[in-house]
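K.L.:
Quick one: the structure is below, and I'll ask about it shortly.
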Amino acid sequence: MRILLVEDEPDLGQALTKTLSRERYIVDWVQDGQSAWGYLDQRWVNYTLAIFDWMLPGLSGLELCQKLRAGGSSLPVLILTARDQIADRVEGLDAGADDYLIKPFGMAELLARLRSLQRRSPQLVPQRLTVGDWLLDYGASTVSPPRHPPLLLTAKEFQLLEYFLKHPQQILSGEQIRAQLWPLAAESSSNVVAAQVRLLRRKLGEAGQDGAIETVYGLGYRFAGSPRHEAKPTL
Ligand code: CA
Numbered sequence: 047m048r049i050l051l052v053e054d055e056p057d058l059g060q061a062l063t064k065t066l067s068r069e070r071y072i073v074d075w076v077q078d079g080q081s082a083w084g085y086l087d088q089r090w091v092n093y094t095l096a097i098f099d100w101m102l103p104g105l106s107g108l109e110l111c112q113k114l115r116a117g118g119s120s121l122p123v124l125i126l127t128a129r130d131q132i133a134d135r136v137e138g139l140d141a142g143a144d145d146y147l148i149k150p151f152g153m154a155e156l157l158a159r160l161r162s163l164q165r166r167s168p169q170l171v172p173q174r175l176t177v178g179d180w181l182l183d184y185g186a187s188t189v190s191p192p193r194h195p196p197l198l199l200t201a202k203e204f205q206l207l208e209y210f211l212k213h214p215q216q217i218l219s220g221e222q223i224r225a226q227l228w229p230l231a232a233e234s235s236s237n238v239v240a241a242q243v244r245l246l247r248r249k250l251g252e253a254g255q256d257g258a259i260e261t262v263y264g265l266g267y268r269f270a271g272s273p274r275h276e277a278k279p280t281l
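Using my numbering, read the sequence shown as starting at 47 and increasing by one per residue.
Next comes the structure, spelled out in structure tokens:
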């Protein structure tokens, strides 16, 4: 799940990024409206949710909302605002925001609002993902490899394994994985992917799944799953 966060107060932006990342969201944080629009305009990035501060340099949160809706996007948007007058709330909702939160707010309330937005959005967040004999449990942050009790995963391990499970038997390059699972602005190379794959493999190895993620030399990685469920070669 990828979130676009647009907040120009550095302290708040940082705190939100930290909290949301811990909740397994991939967070692209930008500090002005123009950059935000640039991110939204990149068609290959799929956001699950957006959080816009109302008052921003460049385009305001409301203007971003209006531009999105004018383009036909139904991306769920939560507006953050210090204003609390009725007229402002109406203006925000009229601009196409799905919900708003008055500053200052508690992180627990923000997370609850985001969960509620996800429930309302057509693109429902699944509770579980089953691929062959593998089971990912979103609520518990665990994976159950074949014939094995659940293993607890970190947020990044979970995102990585989810991505592999959704693309079984496909060769995924380090660059492709990095672009999908790490924030766009992060100065990370595909080394971060290699390091994360190592950690995930170690965990899966302890559950007897050493060969689940294969390295395809020079190309990337491939989730082969358990040998029993390997796709039959076609002639
Ligand atoms: Ca602001």
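Yeah, the Cβ is synthetic: ideal placement off N, Cα and C, and Gly gets one too.
These numbers come from a predicted model, not from an experiment.
Return the Cβ separation of leucine 370 and leucine 182 in integer angstroms, given the expectation that the two are a contact with Cβ distance under 8 Å.
P.N.:
Outside the displayed span of the chain (47 to 281) sits residue 370, for which this structure offers no information.
K.L.:
Grab the span of the alpha helix (DSSP H) containing tryptophan 83 for me, first residue to last.
P.N.:
79–86
K.L.:
I'd like the list of long-range same chain contacts for histidine 213, defined as Cβ closer than 8 Å, with 5 residues on each side in sequence excluded.
P.N.:
Phe269
K.L.:
Spatial neighbours of tyrosine 93 within its chain, please: CB distance less than 7 Å, with the 5 preceding and 5 following residues excluded, ordered by chain position.
P.N.:
Arg48, Ile49, Leu50, Leu121
K.L.:
I need the straight-line Cα distance from valine 262 to alanine 225, nearest angstrom please.
P.N.:
19 Å
K.L.:
Rounded to whole angstroms, what is the Cα-Cα separation between aspartate 57 and arginine 248?
P.N.:
36 Å
K.L.:
When burial is assigned at 16 or more other CB atoms within 10 Å of the CB, is tyrosine 143 buried or exposed?
P.N.:
Rather than tyrosine, the amino acid found at residue 143 in this sequence is alanine. Buried: at least 16 other Cβ atoms inside 10 Å.
K.L.:
Could you tell me the boundaries of the beta strand (DSSP E) in which glutamate 16 lies?
P.N.:
Nothing can be reported for residue 16, as the shown portion of the chain is limited to 47 through 281.
K.L.:
Cβ of leucine 102 versus every heavy atom of ligand 1: is any distance shorter than 7 Å?
P.N.:
yes
K.L.:
Just how far apart, CA to CA, sit tyrosine 179 and arginine 193?
P.N.:
Tyrosine is not the amino acid found at residue 179; the sequence shown has aspartate there. So the alpha carbons of these two residues sit roughly 8 Å apart.
K.L.:
Would you grab the beta carbon distance between leucine 175 and lysine 149 for me? Rounded to a whole angstrom, and I think it's under 8 Å.
P.N.:
In fact, because the Cβ distance is near 35 Å, the residues do not count as touching under 8 Å.
K.L.:
Excluding five sequence neighbours on each side, which residues of the same chain lie with their C-beta closer than 6 Å to the C-beta of tyrosine 71?
P.N.:
Met47, Ile49
K.L.:
Under 8 Å between the Cβ atoms of leucine 258 and leucine 250?
P.N.:
Per the sequence shown, the amino acid found at residue 258 is alanine instead of leucine. Yes; because the gap between Cβ atoms is below 8 Å, this pair is in contact.
K.L.:
Just to confirm, is the Cβ distance from alanine 186 to serine 67 under 8 Å?
P.N.:
no
K.L.:
Thinking just about the alpha-carbon of each residue, which of Leu139, Ser190, Leu227 is nearest to the one in leucine 110?
P.N.:
Leu139
K.L.:
Around the C-beta of alanine 128, are 16 or more other C-beta atoms found within 10 angstroms, so that it is buried, or is it exposed?
P.N.:
exposed
K.L.:
Can you tell me whether DSSP reads histidine 275 as helix, strand or coil?
P.N.:
With a pLDDT of 47 at histidine 275, under the threshold of 50, the predicted position of this residue should be treated as unreliable, and no value is reported.
K.L.:
Tell me the rounded alpha-carbon separation between valine 238 and leucine 245.
P.N.:
11 Å
K.L.:
Quick one: does the C-beta of glutamate 55 sit closer than 7 Å to a heavy atom of ligand 2?
P.N.:
Ligand 2 is not among the ligands present in this structure, which contains only ligand 1.
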